[in-house]
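Engineer:
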Ligand code: URA
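Residue numbers (our numbering): 6 to 434.
1) Mapping DSSP to helix, strand and coil, what is residue 427?
2) Which residues mark the beginning and the end of the alpha helix (DSSP H) in which residue 54 is found?
3) For residue 156, name the three-state secondary structure that DSSP assigns.
4) Rounded to a whole number of angstroms, what is the C-alpha to C-alpha distance between residue 130 and residue 101?
5) By a C-beta neighbour count over all protein chains shown, 10 Å radius and 16 as the cutoff for buried, is residue 96 buried or exposed?
6) Skipping 5 residues on each side, what residues in its chain have a beta carbon closer than 6 Å to that of residue 140?
7) How long is the line joining the alpha carbons of residue 166 and residue 88, rounded to whole angstroms?
8) Considering only their Cβ atoms, is the gap separating residue 256 from residue 125 smaller than 8 Å?
9) Between 211, 14, 28, which has its C-alpha nearest residue 6's C-alpha?
10) Considering Cα atoms alone, identify which of 44, 152, 33 is closest to residue 15.
11) Beta-carbon within less than 7 Å of residue 172's beta-carbon, same chain only, minus the 5 sequence neighbours each way: which residues are those?
12) Check the C-beta distance from residue 389 over to residue 400 and give it rounded, since I have them as a contact under 8 Å.
13) Report the partner residues of residue 206 according to the DSSP bridge assignment.
14) Whose CA, out of 60, 99, 46, lies closest to the CA of residue 259?
15) For residue 118, verify whether its CB is less than 7 Å away from any heavy atom of the ligand URA.
16) Taking any heavy atom of the ligand URA as the mark, which residues have a C-beta closer than 5 Å to it, listed down the chain?
17) Rounded to whole angstroms, what's the CA-CA distance from residue 207 to residue 223? Just pull it up for me.
18) How many angstroms separate the CA atom of residue 235 from the CA atom of residue 26?
19) Using C-beta distances below 6 Å, list every residue in its chain close to residue 272, excluding the 5 sequence neighbours before and after it, in chain order.
20) Out of 295, 268, 372, 240, state which residue places its alpha-carbon closest to the alpha-carbon of residue 94.
21) Let's see if you can read the secondary structure: which residues bound the alpha helix (DSSP H) around residue 191?
22) For the putative contact between residue 393 and residue 299, defined by C-beta atoms under 8 Å, what is the C-beta separation to the nearest angstrom?
23) Within the same chain, show all residues whose beta-carbon is closer than 8 Å to that of residue 32, passing over the 5 residues directly before and after it, in chain order.
24) Determine the contact status of residue 270 and residue 424, defining contact as a CB-CB distance below 8 Å.
25) Counting along the chain, where does the beta strand (DSSP E) carrying residue 393 start and finish?
26) Can you tell me the Cα-Cα spacing of residue 248 and residue 13, whole angstroms?
27) Pull up the distance between the alpha-carbon of residue 81 and that of residue 150, whole angstroms please.
28) Just to confirm my understanding: we take residue 384, look at its own chain, exclude 5 residues before and 5 after, and list those with CB closer than 8 Å. What are they?
29) Among 176, 83, 57, whose alpha-carbon lies nearest the alpha-carbon of residue 21?
30) Taking the continuous alpha helix (DSSP H) assigned at residue 99, which residues delimit it?
31) Under 8 Å Cβ to Cβ from residue 225, same chain only, skipping five residues before and after it: list those, please.
32) Does DSSP put residue 233 in a helix, in a strand, or in coil?
33) Expressed to the nearest angstrom, what Euclidean distance is found between the alpha-carbon atoms of residue 324 and residue 357?
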């Protein structure tokens, strides 16, 4: 069968279902440079409006995986399980979860990308540890998974390489927010990474990439089905992302807070979410261990230290601090009704903790400490936020982003659960 890009684009534009051959052909031809960027842009826009059926999405994702290598972790003596989060403000859970689940006996191959926009990237956070190295060879990943069970590193160029080009194209063509395109982008990289089991933390709310519960559920269901289809046992946990997770937002600040949780202390919401995800991961791989015990008895911390040292980092080194600090004070009395996660994330980003383009540097020390929680009673003059930045200009921009971020009222608001619904799927392949 011969295919042509204009015919495939027109078929999708008119709402017809593409066969496996057409999908494989167009992605392969695009990767080979035989389909122009404008043709792929038109197809992405047609997919944005028309969607992809389950068989089409399966074929699309399979071809994205086949565009590069798929790591083979089957030779490891430990069962493999990973976690992916769709990104939240102050979400430092991976830093704690990866060594924690490894300390419980699994191997966690967390191959990550870098943060863009108002949610920070795990690699940027770890790079605030002096000497720590994000780039590992495949051999180093395998060796570290076998010996320590925990790896967080940069996903190599070889994993789903066509996703990198498609993502860049989606970014400039208004086609990022398409459920099949998001699901195939995330899952192709996670499936290519070789994990047998996967937990997805799908964030919902004002500070999340997807604000609406129904859409987040649709994304979660789509990703769970893709995992099943490709032989990866996948569970999605929807979690609320209206307020920042924990107290700290920013690279070194979040590492510091993660160390508190790894020591058995730290903010209760970070501990609650980490333990909930750890329990799902351990259930998936059939390990009957209580992760709370491993957090409290120091074994997760010992695995953290080994994981950091194996990648060249000094677990005892002083973490970076920013040159300037400023405290924002309450100007009226009241009870905290809401704390806008998006505003806090944007503030941390403007203070220097995040990047607008992927080649931008980030400041290790910059960020926001949120000094109050929803339901707290505050008085005039009480500290609300502590801002950290490397210079006055960043400090000013970060402060402006916090205008209106905290709403005070009369009575304490009703508590809201962090964990929402859970969706599971056993592998079909
Ligand atoms: N993260 C990804 O890797 N891809 C998307 O499309 C969106 C978020």
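Just so it is clear, CB atoms sit at the ideal spot from N, CA and C, and this is done for glycine as well. These numbers were taken from a predicted model, which means no experiment stands behind them.
Structural biologist: Let me lay it out:
1) strand
2) 42-55
3) strand
4) 12 Å
5) buried
6) 159
7) 21 Å
8) yes
9) 28
10) 44
11) 190
12) Their Cβ separation, rounded to whole angstroms, is 15 Å, which puts residue 389 and residue 400 out of contact at 8 Å.
13) 90, 242
14) 99
15) yes
16) 187, 190, 191
17) 10 Å
18) 18 Å
19) 251, 252
20) 372
21) 184-197
22) With a Cβ gap of about 31 Å, residue 393 and residue 299 do not count as contacting.
23) 65, 68, 69, 72, 167
24) no
25) 388-394
26) 43 Å
27) 8 Å
28) 335, 338
29) 57
30) 98-108
31) 205, 207, 241, 243, 428
32) helix
33) 16 Å
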